[in-house]
Amino acid sequence: MGELKDRFKLKADALGVEIKEILKEHGSKKIGEVTLSQIYQGMRGITGLVSETSLLDANEGIRFRGYSIPELQEKLPKAPGGNEPLPEGLFYLMLIGELPTEADAQYVTSLLQRRSHVPNHVFAAIEALPVSSHPMTQFVTAIMALQTESSFAKRYAAGMNKKEYWDAAFDDSMDLIARLPRVAAYIYRRKYRNGDHIQPNGLLDWAGNFAHMMGYSNESFKELMRLYMTIHADHEAGNVSAHTTHLVGSALSDPYLSFAAGMNGLAGPLHGLANQEVIKWIFEMREALGVDLPSKEQIADYVKKTLSEGKVVPGYGHAVLRKTDPRFTAQMAFGKQHMPDDELVNTVWRVYDVVPDILKGLGKVKNPWPNVDAHSGALLVHYGMVEYEFYTVLFGVSRALGVLANLIWARALAFPLERPKSVTTDNVKQWLAGKEEIWGE
Ligand code: HAX
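Just so we're aligned, residue -8 is where the sequence shown starts under my numbering, counting upward by one.
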């Protein structure tokens, strides 16, 4: 791993120097203003974080180190015979800031293959939970059980120099990324395949091996996993899973503790769990209507019913995006290529034809367009993965790439403990009455 670490260290040292200079000269410049509404309403639009790995534009969608998803699909290395990008290549890009060569991506693959051993007590910890536990509960439990392997925690306890934090975070992050597919596949086979587990194939790429261990040997499913693991990896720093991992990491909690915290946030229905909610909602709609491919009129009626029951339409809307999510579009293109006649996939496309106008009509939804979660489930069901409670685990395995690349950067750039100021409504009322000094430090 020395070579990858050396390349990273060079980049991190150079950026560290640049940031010092920027702050020395411009540190007191204002980057924005904060309104009262913003602090009561989810801090939307407040710029308060730095992330090197990706940037979200409200209209264009996500760019990873400046590259859009179609550009990544074109420029990142592929598996032999494949068309979709290798997520290992995206991880390299996020970490090093340069497009990987084929050899670079293969090197990351081989590092992950070598570090993928999962100790037995982790499987025992999973087995201690009832099979009925939600897969995300099992996933987070397994990550916590893996924490015994943290070299960051061990080195910190032994008096690690703060200049070495990044190095220990690097080791833990690579180990964790390498082990997650095995853990996730174990949970899948335990819960849905009677514990009939499949051993890893040490010759396969990270996502291909994940597909294999879950029991999907079909080449086009492996391609879907490569695409899926790439597009879900990162969405700049403010989303719940990324921000939580970053926040917890800022307390020098090791990467296992930090990532587990982020995954608890991903498990919320307004965030990553939306991918299970979408397919559950579509299954319920099909059952209620008694048809496999509802008409647009039937869908419109069902959407209105959902809204009238005080529920959100899952897979639609976003806190930052204001157009169709390019991650939705990439999955739609995959569907058109691999399964154009699939009725469930066609239902997703019909929902896309109908929902935005209805949400626009409500007059309060800032983004009526689909997000990443609106599409993913239908593609998985096509290959037989109907167990939608598992979908957020797939998202989590992918999200590790982005949030852990960020955690390594945060330790390398010596980002301090995160600690914003909060107020009480009483403070606010006094301030509005003209007593400005109440804010304190
Ligand atoms: N259906 C119905 N109402 C919606 C809606 C939707 N899909 N999206 C937003 N709204 C409503 C909000 O509930 C809010 O209503 P109230 O004022 O009555 O509370 C109003 O529109 C304004 O909300 P907003 O400013 O447009 O949206 P937010 O930034 O507050 O929330 C959410 C963004 C993603 C949480 C929201 O759009 C939502 O709940 N969507 C459905 C769940 C979903 O798809 N989540 C996944 C998002 C992507 C992601 O993180 N994936 O992991």
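Note that beta-carbon positions come from the ideal geometry of N, C-alpha and C, so glycine has one too. As the structure is a prediction and not an experimental result, all values here were calculated from the model.
In its own chain, which residues sit with a C-beta less than 6 Å from the C-beta of E227, not counting the 5 before and 5 after it? S42, S45, L46 and L47
Quick one: what's got a C-beta closer than 6 Å to G80's C-beta in the same chain, skipping five residues either side? L67, P68, P91 and A96
Leaving out five residues on either side along the sequence, give the residues of the same chain with a beta carbon under 6 Å from the beta carbon of L280. Q289
Rounded separation between D292 and I270 - CA only: Taking the straight line joining both Cα atoms gives about 18 Å.
Cut-off 8 Å between Cβ atoms - residues of its own chain near I273, not counting five sequence neighbours on either side: These residues qualify, in order along the chain: L335, T338, V339, V342, G368 and A369.
In angstroms, rounded to a whole number, what distance separates the CA positions of A175 and K327? 28 Å
Which of helix, strand or coil DSSP assigns to D163: helix
With DSSP collapsed to three states, give me the class of F212. Here F212 carries a helix assignment [DSSP, helix/strand/coil].
Alpha carbon of S244 to alpha carbon of P407, nearest angstrom: 12 Å
Run through the DSSP bridge pairs and tell me what S59 is partnered with. S59 pairs with nothing; no bridge assigned.
Let's see if you can read the secondary structure: which residues bound the beta strand (DSSP E) around L261? From DSSP, L261 is part of no beta strand (DSSP E); its letter is neither H nor E.
Between the beta-carbon of Y179 and the beta-carbon of E12, is there less than 9 Å? no
Cβ shell of S107 (< 7 Å), same chain only, five flanking positions each side left out: A169, R170, R173 and P191
Would you tell me roughly how many angstroms separate the C-alpha atoms of T203 and R390, rounded to the nearest one? Residue identity check: residue 203 is His in the sequence provided, not Thr. Computed Cα separation, rounded: 20 Å.
Simplified DSSP assignment, three categories, for L46: Looking at L46 - three-state DSSP - the assignment turns out to be strand.
Within 10 Å of its beta-carbon, does L261 have 16 or more other beta-carbons around it, so buried, or fewer, so exposed? exposed
Give me the Cα-Cα distance between H309 and Y219, rounded to the nearest whole angstrom. 19 Å
H237 versus F319 - alpha carbon distance: 26 Å
Using the C-alpha atoms, what's the distance from P78 back to Y58? Cα to Cα, Y58 sits roughly 14 Å from P78.
Return helix, strand or coil for R54, following the three-state DSSP convention. strand
Less than 6 Å between C-beta atoms, sequence neighbours within five positions excluded: which residues of the same chain meet that for A144? D245
For a test of the three-state rule: what should DSSP assign to K20, helix, strand or coil? coil
Where K66 falls: helix, strand or coil (DSSP): Three-state DSSP puts K66 in a helix.
Who are the near neighbours of K213 in its chain, counting only those whose CB is closer than 6 Å to its CB and skipping five residues on each side? G199 and A202
List the endpoints of the continuous alpha helix (DSSP H) containing P347. E334 to L353
Assigned exposure category for Q138 - 16 Cβ within 10 Å defines buried: Around the C-beta of Q138, 16 or more other C-beta atoms lie within 10 Å, and the residue is accordingly described as buried.
When DSSP builds the beta bridges, which residues end up paired with Y31? Y31 is not bridged to any residue.
Pop quiz: V346 and V304 are said to be a contact at Cβ under 8 Å. What is the actual Cβ separation, rounded to whole angstroms? 6 Å
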